[in-house]
Amino acid sequence: MTLVISDVPQFRPGQDCKKPKVLGSTLNFQGSLLCPSTSRGFHPDIIIGECISRIGPARKGEKNGVKLWNGHDFKMRDGGQMIEAVDGSHTAFHFHNFFSTIEQLRFKYKTYGHIHHTAKFAPLDVLNHELHFMVNCAMNRSQNIKSVQPFERGIASIDKANLPIAFQEVESYAQL
Numbered sequence: 001m002t003l004v005i006s007d008v009p010q011f012r013p014g015q016d017c018k019k020p021k022v023l024g025s026t027l028n029f030q031g032s033l034l035c036p037s038t039s040r041g042f043h044p045d046i047i048i049g050e051c052i053s054r055i056g057p058a059r060k061g062e063k064n065g066v067k068l069w070n071g072h073d074f075k076m077r078d079g080g081q082m083i084e085a086v087d088g089s090h091t092a093f094h095f096h097n098f099f100s101t102i103e104q105l106r107f108k109y110k111t112y113g114h115i116h117h118t119a120k121f122a123p124l125d126v127l128n129h130e131l132h133f134m135v136n137c138a139m140n141r142s143q144n145i146k147s148v149q150p151f152e153r154g155i156a157s158i159d160k161a162n163l164p165i166a167f168q169e170v171e172s173y174a175q176l
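Under our numbering, think of the first position of the sequence shown as 1, with each following residue one higher.
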């Protein structure tokens with residue numbers, strides 16, 4: 001995670017750890033830079049180290065009577081501020097399911113987080129709506145999930161100034 005600003009009030013020393021996360025209003029890419037989704041997410045999350053169990057100075061599980069955060073809390077627990085742009089545009093990027101091979105992607109769904117016991121053999125698009133979107137996008141099929149839709153012209157719909165710097169020239173990225 002890289003921040004464009006360096007002084008984040010929530011990350012100044014001495015936080016109470018009740019709501020230590022800062023979340024971006026996220027532009028999601030599913031499996032490829034060519035598959036941006038119009039649905040907004042809330043990852044990536046950022047949290048100050050002093051509020052994380054075994055990292056912060058308290059290290060014992062509590063700070064000022066507030067439970068320190070662990071890895072599961074960090075991903076799943078509410079407790080922070082969503083940073084949104086004044087014009088409603090995104091303030092962060094989430095590159096989801098970017099893998100070099102289908103086998104790596106299947107391994108993720110077989111072993112990590114939201115485990116699917118059939119991930120090794122089931123069609124990818126039946127495992128969840130994000131993979132369904134990704135497969136349809138990759139195959140240039142229409143999307144049939146109302147909550148997750150592609151931009152009408154793909155990444156060309158997004159103002160280049162609102163893309164990660166490394167991806168502002170899509171053609172160059174695709175050739176890598």
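Ideal placement from N, C-alpha and C gives every residue a C-beta, glycine not left out.
Return the first residue and the last residue of the alpha helix (DSSP H) that residue i is part of.
| i | result |
| --- | --- |
| T111 | 102-111 |
| G65 | It is not in any alpha helix (DSSP H) - G65 carries neither H nor E in the DSSP assignment. |
Cα-Cα, which of the options is closest to residue i?
| i | options | result |
| --- | --- | --- |
| P44 | K120, H129, T38, K75 | K75 |
| F42 | F95, E62, F121 | F95 |
| A119 | L34, Y109, S25 | Y109 |
| R40 | Y112, I46, G24, Q10 | G24 |
| I52 | I46, R106, W69, G65 | W69 |
| N128 | T38, R106, D73 | R106 |
| V22 | D7, L33, N28 | D7 |
| R77 | I46, L33, A138, T111 | I46 |
For residue i, which residues does DSSP report across the bridge?
| i | result |
| --- | --- |
| S96 | Residue identity differs from the one stated: residue 96 is His in this sequence, not Ser. For H96, which the question treats as bridged, DSSP gives the partners Q30. |
| T142 | According to the sequence shown, residue 142 is Ser rather than Thr. Answer is none; S142 lacks a bridge partner. |
| P36 | F29 |
| G80 | K21 |
| G41 | T26 |
| I52 | W69 |
Please report the residue range of the beta strand (DSSP E) in which residue i lies.
| i | result |
| --- | --- |
| K21 | 21-24 |
| D179 | A query on residue 179 cannot be resolved here, the shown segment of the chain reaching from 1 to 176 and no further. |
| D45 | 45-47 |
| G14 | Element bounds for G14: n/a, residue is neither H nor E. |
Can you say whether residue i is buried or exposed, counting buried as having 16 or more other CB atoms within 10 angstroms of its CB?
| i | result |
| --- | --- |
| P36 | buried |
| P20 | buried |
| L92 | Here the sequence assigns Ala to residue 92, which means Leu is not the residue at that position. Result: buried. |
| E130 | buried |
| I102 | exposed |
| H117 | exposed |
| P9 | exposed |
| N28 | buried |
| H132 | buried |
Does the Cβ-Cβ distance between residue i and residue j come in under 8 Å?
| i | j | result |
| --- | --- | --- |
| Q15 | I48 | yes |
| F121 | G31 | no |
| G79 | K18 | yes |
| P13 | E50 | yes |
| D125 | N140 | no |
| T26 | H90 | yes |
For residue i and chain B, any beta-carbon pair shorter than 8 Å?
| i | result |
| --- | --- |
| R106 | Protein chain content of the structure displayed is limited to a single chain, and chain B is not contained in it. |
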